[in-house]
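Chains as they are written, first to last, in the working numbering: chain H, 6 to 452; chain Y, 6 to 452. Glycine included, each C-beta is placed from N, C-alpha and C at the ideal position.
2 protein chains.
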Amino acid sequence: MKLLDTSSPTHVLAQWVVDSQWTEIDESTQKAVASSWMNWLACALGGANSHESDRLIRALAPFGQGDAQLIGRSEKLDPANAALIHAFNSNILDFDDTHWPTGIHPAGTVASALVAWSSQTIVSGTDFLHAFLLGMEVECRIGLAVSPGHYERGWHITATCGVFGAAIAVGRLMGLSPEQMAWAIGHAATQSGGLVASLGSMAKSLNIAHAARNGLMAAQLARHNITANDRVLEARFGFNEVMGTRALDESLCAGLGQNWIASQNTFKPYPCGFLLHPTLEACLTKSDAQIFALDEIERITVTVHPLSQLRADRIHPVDGLEAKLSLQHAVAIALLRGEAGVRYFTDNAANDLVVRACREKMRVIADERLNTDEAKVVIHLQSGDVITRASSGAQPPMSPKALEHKFRELVAFGAPHCNADELLETLATFPQMANVADLIAMTVPQS
Amino acid sequence: MKLLDTSSPTHVLAQWVVDSQWTEIDESTQKAVASSWMNWLACALGGANSHESDRLIRALAPFGQGDAQLIGRSEKLDPANAALIHAFNSNILDFDDTHWPTGIHPAGTVASALVAWSSQTIVSGTDFLHAFLLGMEVECRIGLAVSPGHYERGWHITATCGVFGAAIAVGRLMGLSPEQMAWAIGHAATQSGGLVASLGSMAKSLNIAHAARNGLMAAQLARHNITANDRVLEARFGFNEVMGTRALDESLCAGLGQNWIASQNTFKPYPCGFLLHPTLEACLTKSDAQIFALDEIERITVTVHPLSQLRADRIHPVDGLEAKLSLQHAVAIALLRGEAGVRYFTDNAANDLVVRACREKMRVIADERLNTDEAKVVIHLQSGDVITRASSGAQPPMSPKALEHKFRELVAFGAPHCNADELLETLATFPQMANVADLIAMTVPQS
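In structure tokens form, the structure reads like this:
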């Protein structure tokens, strides 16, 4: 055991993950991770029975039979493929979570791999939440270290960094040694991938799905003493050199266990790409918000951060998956329908002729003076009136009540066989659970 | 079906793969691919029972039970994990093959996925070789399109491009439509990964193993109409933009089916990194080659292309895996032992005190006037004599006799339960085989 070399960030992270104690973590961080878990479970159940999920499970049928129970479904698969399916399902509605400073949706890969692993062994609620927190923390820290250049260059950061989170979390549950944990990071890094070009197709949620599976596999390889580069983050031709855009700085490991980056996670109020949210906030949350008829609108100007324009200036989304990445679509449904729920990001909604006509009245402008969490919408009416709506800065965190509402909505949408009351009761005392598999079992349809 | 758009290189490749006819392929190309297959099988059997392979199979035990027979072993796994194991085994001895213009070892990912798929369905010898050729061809063409910047930047090109080869080959066997083939390329691209920092650990052969598995999975996803970016090679934030280093030029699709890049594949004469081979050629193939005693040598200068120096200037390899990437180790065993066979790249050989002392007498110099396939070794003897050995330019292709010798050596080394005579006889008429699974079955140990 050559670890710990304190000059190696990879070693420092690996050792910290192994040494971390739940009882030393402040209560607000413990509560924050429990909320991330509740939000993830809502999303995973919401997408569990989508037609995309059905198709993916059919494709995987020749592979990976096993004992890991799928959340919200009746099938079992091996843990690696179960992790893949969970991550896909939890992302397919684009309703998950956002760590704004990086654009990472941090829970997906981590919780998906953890649930897959936990369903076929005994894991307590506290150990689960602790591993979940550690995984998200390392994932977000690596994400910050390569931001903003990495995502801007075309790396789907939720996947490329999410693979680390899954590896760390499952590795922690497995009780890896520090050296094995460093190898797990090495195996994760060398499997890191996922192109932004996949956004708008099913391969987008699959990027995250592969990352969850690959992270779980990274931990499993390390556990069996299959070696990897144990300094991969900082190594020559390692992760940061090849996939980052600047030198690795000291902030990667600064304040570990004190300054929790993962507790900055936020939960999506709308089921679409996070870069659309400020624009939706602008349209929907003002006290004078109103619904317009198509004929009333002459033209609309939407002004956003350049990254938002680059990713989401999409006037003609062909289906629901693309609609989730269209600023024009978001504004159209907000102004015409007065809301932006799951039913307005479907294939039908994308091809609604009235929505389409409204999208065509729009122009999207990039303005580098805005942040990614800001937007301005100017509506020119046929009457000559001009209405300006803006959202500035971070939206307030989702309240416990709003999160419960989201949970119930998603259970009803994607897993109506589940008893939402019972699930919420169980989640309220989740840290006291002796075996997380009991909660997973509650989501399985009774035959 | 929107394909074919002739302005899209991804579409052109997809359509070409679907339309290709074996009978229209010239005989020398058909023979070349049969030799690549024989060389791959030799390597896969040579590594089939390595301790590394045993460990990897133990790690995968909780995953992927299935009906795909492992080559040279008794276990069965699902096709995805079987592809992974095959690729690992065929690479672990570092004895595989080399496409010199890119540095890709092209057969590994492609044959590994094909064998895994073929063992659980019926595939004829001709269809197998045809799919194998098409996979290697697309893989090498994509490799050329991103060379040399991609590998120099730190991408393990055999993995990053190999994933395309596996997807194409298995996709062809599955009979994908052109649109599905384009999605398969999209799924392959978005899973492409593998860091050069993994070289020197078991994660190096795993890079190739993951690529074989991921390529097979890409084809399977596309077959089930799971969508991906169908123009991923040229797309904004696609493969070339994110992982290449220059604009995609027309040579990617020029002369398809006429100018076969894959037929330039060469077979390794030594079980180590290909960048060591010119140096070994310089030491071993001159008619006046001789064995030296350690005490006779005062110092040695090894001059190579800068990339070789960057990858393989490694004075103290700690084990066999690192020895395969050490110019100093290669020169030491060549001069002290007069050969460079499998037994001189083991953990024991790496730690041999005489070899170690010899390595310490060496200096490696980069000279950009040399090509990667050239090297110069200057030996200063204690006697005052100076001996210069150089290898210049491409080594001659391996003769059929030498390939047969390599095949027998590797079967004896890694799968002594196999009957090499019978296997060679079957390979001689492989294109006439009705079912490739019959050959795979011949490699299984009788219980």
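Asked: Simplified DSSP state of residue 329 of chain Y, which is helix, strand or coil; Found: coil
Asked: Listed by chain order, chain Y residues near residue 63 of chain H by CB distance under 7 Å; Found: 229
Asked: For residue 393 of chain Y: DSSP bridge partner residues; Found: Y/383
Asked: Beta-carbon separation (whole angstroms), residue 82 of chain Y vs residue 75 of chain Y, contact threshold 8 Å; Found: 7 Å
Asked: Own chain, CB closer than 6 Å to residue 345 of chain H, minus 5 neighbours either side, in chain order; Found: 275, 285, 338 and 339
Asked: Any 3 or more C-beta pairs closer than 8 Å across the region 219-226 of chain H and the region 165-180 of chain H; Found: yes
Asked: Beta-carbon separation (whole angstroms), residue 202 of chain H vs residue 243 of chain Y, contact threshold 8 Å; Found: 4 Å
Asked: Chain-order list of residues whose beta-carbon lies under 7 Å from that of residue 318 of chain Y (same chain, five-residue window excluded); Found: 332 and 369
Asked: Closest Cα partner of residue 194 of chain H within the set H/146, H/127 and H/234; Found: H/234
Asked: Residue span of the alpha helix (DSSP H) that contains residue 157 of chain H, given as start and end; Found: 154-158
Asked: Residue of Y/321, Y/414 and Y/371 minimising C-alpha distance to residue 347 of chain Y; Found: Y/414
Asked: Touch test, the region 104-115 of chain H against the region 413-427 of chain H, Cβ-Cβ under 8 Å, three pairs minimum; Found: no
Asked: Alpha helix (DSSP H) segment containing residue 301 of chain H, residue limits; Found: It is not in any alpha helix (DSSP H) - residue 301 of chain H carries neither H nor E in the DSSP assignment.
Asked: Cβ-heavy atom distance, residue 127 of chain Y to the ligand GDP, below 7 Å; Found: Questions concerning the ligand GDP fall outside what the structure shown contains, since it holds no ligand whatsoever.
Asked: Cβ-Cβ separation, residue 309 of chain Y to residue 204 of chain Y (assumed contact under 8 Å), whole Å; Found: Contact doesn't hold; Cβ gap of about 16 Å is too wide.
Asked: Close beta carbons around residue 22 of chain Y, own chain, < 8 Å, minus the five adjacent residues each side; Found: 139, 143, 173, 176, 177 and 186
Asked: C-beta neighbour in chain Y for residue 94 of chain H, strict 8 Å; Found: no
Asked: Three-way DSSP call (helix, strand, coil) for residue 273 of chain Y in this model; Found: coil
Asked: Below-8 Å beta-carbon distance, residue 246 of chain Y vs any chain H residue; Found: yes
Asked: C-beta contact flag for residue 197 of chain H and residue 198 of chain Y at 8 Å; Found: yes
Asked: Beta-carbon proximity list for residue 12 of chain Y, same chain, < 6 Å, skipping 5 on both sides; Found: none
Asked: Residues of its chain near residue 159 of chain Y, where Cβ-Cβ distance is below 8 Å and the 5 sequence neighbours each way are ignored; Found: 200, 201 and 202
Asked: Runs of alpha helix (DSSP H) lying entirely within the region 400-438 of chain H, each at least 4 residues, in chain order; Found: 405-419 and 425-433
Asked: Own chain residues within Cβ distance below 6 Å of residue 48 of chain Y, not counting five before or after; Found: 95, 100 and 101
Asked: Closer than 8 Å to chain H by CB, residue 434 of chain Y; Found: no
Asked: Residue burial classification, residue 6 of chain Y (beta-carbon count within 10 angstroms, cutoff 16); Found: Unreliable placement is indicated for residue 6 of chain Y, whose pLDDT of 47 sits below 50; the coordinate value is still reported in the next sentence. Residue 6 of chain Y is exposed by the Cβ-count criterion.
Asked: Three-way DSSP call (helix, strand, coil) for residue 370 of chain H in this model; Found: strand
Asked: Whole-angstrom distance between residue 250 of chain Y and residue 156 of chain Y, CA atom to CA atom; Found: 10 Å
Asked: Segment contact, 8 Å Cβ cut-off, at least three pairs: the region 352-363 of chain H with the region 372-388 of chain H; Found: no
Asked: Contacts that residue 234 of chain H makes with chain Y (C-beta to C-beta distance below 7 Å); Found: 202, 203, 206 and 208
Asked: Nonlocal neighbours in the same chain, by C-beta distance under 6 Å from residue 36 of chain H, ignoring five residues either side; Found: none
Asked: Buried versus exposed, by CB contacts within 10 Å (16 or more), residue 245 of chain H; Found: buried
Asked: Selected residue, minimal CA-CA separation from residue 447 of chain H, among H/434, H/161, H/439 and H/422; Found: H/422
Asked: Beta carbon proximity, residue 67 of chain Y to chain H, threshold 8 Å; Found: yes
Asked: Ranges of the alpha helix (DSSP H) found wholly within the region 16-81 of chain Y, counting only runs of at least 4; Found: 32-51 and 56-65
Asked: Interface partners of residue 272 of chain Y on chain H, CB under 8 Å; Found: Ordered by position in chain H, no residue passes the 8 Å Cβ test against residue 272 of chain Y, which lies about 26 Å from the chain.
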